[in-house]
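First residue of the sequence shown? That's 40 in this note's numbering, and the numbers climb one at a time after it. Input: a single structure, listed below in structure tokens.
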Amino acid sequence: MANMKLMYSPTSPYVRKVMVLAIEAGLDKKIDKVTVSTTPVAPNPAVAKINPLVKVPALKAEGLDLYDSPVICEYLDSKHRKKKFFPAKGKARFNALRQQALADGLIDAAILLRYENTLREEPMRSPAWQEAQMKKIRWALDQMEKEAGTLRGAPTIGHITFACALGYLDFRYADEGWRKRRKKLTAWYDKFAQRPSMKSTLPPG
Ligand SMILES: N[C@@H](CCC(=O)N[C@@H](CS)C(=O)NCC(=O)O)C(=O)O
Numbered sequence: 040m041a042n043m044k045l046m047y048s049p050t051s052p053y054v055r056k057v058m059v060l061a062i063e064a065g066l067d068k069k070i071d072k073v074t075v076s077t078t079p080v081a082p083n084p085a086v087a088k089i090n091p092l093v094k095v096p097a098l099k100a101e102g103l104d105l106y107d108s109p110v111i112c113e114y115l116d117s118k119h120r121k122k123k124f125f126p127a128k129g130k131a132r133f134n135a136l137r138q139q140a141l142a143d144g145l146i147d148a149a150i151l152l153r154y155e156n157t158l159r160e161e162p163m164r165s166p167a168w169q170e171a172q173m174k175k176i177r178w179a180l181d182q183m184e185k186e187a188g189t190l191r192g193a194p195t196i197g198h199i200t201f202a203c204a205l206g207y208l209d210f211r212y213a214d215e216g217w218r219k220r221r222k223k224l225t226a227w228y229d230k231f232a233q234r235p236s237m238k239s240t241l242p243p244g
């Protein structure tokens, strides 16, 4: 298989999901990373060529243009012979997909909030809207704490997405102190974060 081309940003938690899975699967050497910057107010034409939604990650592989992170992760999972990160069927599969959706949803709220705080002009910002996004983050965290005791065994896409979401909160929302009153999730994350795939994809700074 020829090398794949990944539209990449070192600060994107969705890109991090893709890279963590690629490293865990032993596929990272097959990925050429193209570092790009793209935001809703400054869409990057090079990203638009692959993903009309102009978001990263976007992957070019075997003549396919692939986005978004769940699709790219599932594609990569189909390209290795180790234990799969997407369970093949049954409850295990749908639980892992739901956990991915839960943690992706947390990231979505965190990113929207960051765009509001950094890209939208001050007079247009809405405290009620900001608070609503923050509530989603906290509710998602509470659910993740409830599930932390079940996160054992070989990592799934659910585990990887939980970890990337929590890593993003450490990176951009350290003041939120998500670890407070979430002891099980903290213990699970602190261990998972020691994996080489997590350590080598830490966002800069
Ligand atoms: N659902 C997408 C979300 C991707 C996303 O929002 N990426 C951000 C960077 S962290 C982005 O490219 N934003 C640019 C924009 O929203 O225009 C995924 O899972 O890949």
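Even glycine gets a Cβ: it sits at the ideal position worked out from N, Cα and C.
By the DSSP assignment, the alpha helix (DSSP H) with V86 in it spans what residues? Where V86 is concerned, the enclosing alpha helix (DSSP H) stretches over 84-87.
Go ahead and pull the three-state DSSP assignment for M40. coil
For D147, name the three-state secondary structure that DSSP assigns. Helix.
Beta carbon of A187, beta carbon of K223: below 8 Å? With contacts defined as CB atoms closer than 8 Å, A187 and K223 qualify as a contacting pair.
Between the Cα of M183 and those of A140, R159, R120, F210, spot the shortest distance and give me the residue it belongs to. A140
In this structure, does DSSP put V95 in helix, strand or coil? coil
Within the present structure, is the beta-carbon of V95 separated from the nearest heavy atom of ligand 1 by less than 7 Å? Checking the Cβ of V95 against ligand 1 gives yes.
Residue interval of the alpha helix (DSSP H) (run including K121): Counting along the chain, K121 falls outside any alpha helix (DSSP H), and DSSP gives it neither H nor E.
Measuring alpha carbon to alpha carbon, tell me which residue in P194, T240, A85, A81 is nearest L136. Residue P194 is the option with its Cα nearest to L136.
In three-state terms, what does DSSP make of T157? helix
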